[in-house]
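Written out below as structure tokens is the structure these notes cover.
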Amino acid sequence: MPSEAETRQDKQASAAQARQVIDIFHEISTLLNADLDRQTLSICISLIENGVNPEALASVVRELKRDAEEVRKELQS
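One gets this note's numbering by counting positions in the sequence shown from 1 and adding 31 to each.
Structure, rendered in structure tokens:
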């Protein structure tokens, strides 16, 4: 049975690896001008890992961005 210190180290290593993955996806998102922050990317990745269709998720994200832009324009008017 692993010691408490080993378990803690494993959790820290997993957290560091997860941050690295999010950082890589954020870089890709930035290069593609997707305008997604790290938190949004993390949520999207979790949804996909839990079975959400990536294409459907992309459509929803695009639609939400369009709606948000419309609201911004209305508020500025």
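Where is the CB? At the ideal position from N, CA and C, for every residue including glycine.
Measuring straight from C-alpha to C-alpha, what distance separates residue i and residue j?
{"i": "Ser60", "j": "Thr38", "result": "33 Å"}
{"i": "Leu106", "j": "Glu80", "result": "36 Å"}
{"i": "Val83", "j": "Glu35", "result": "35 Å"}
{"i": "Pro85", "j": "Cys75", "result": "9 Å"}
{"i": "Ala141", "j": "Gln40", "result": "No statement about residue 141 is possible, as the shown extent of the chain runs from 32 to 108 and does not include it."}
What distance in whole Å lies between the Cβ atoms of residue j and residue i, which are believed to be in contact at a cut-off of 8 Å?
{"i": "Arg69", "j": "Ile53", "result": "5 Å"}
{"i": "Leu78", "j": "Leu88", "result": "6 Å"}
Mind checking which residues open and close the alpha helix (DSSP H) that includes residue i?
{"i": "Val92", "result": "Pro85 to Gln107"}
Strictly under 9 Å for the Cβ-Cβ distance: is residue i near chain B by that measure?
{"i": "Ser77", "result": "Any reference to chain B falls outside this structure, which holds one protein chain only."}
Residue ranges of each alpha helix (DSSP H) within the segment 32-81, 4 or longer
35-62 and 69-80
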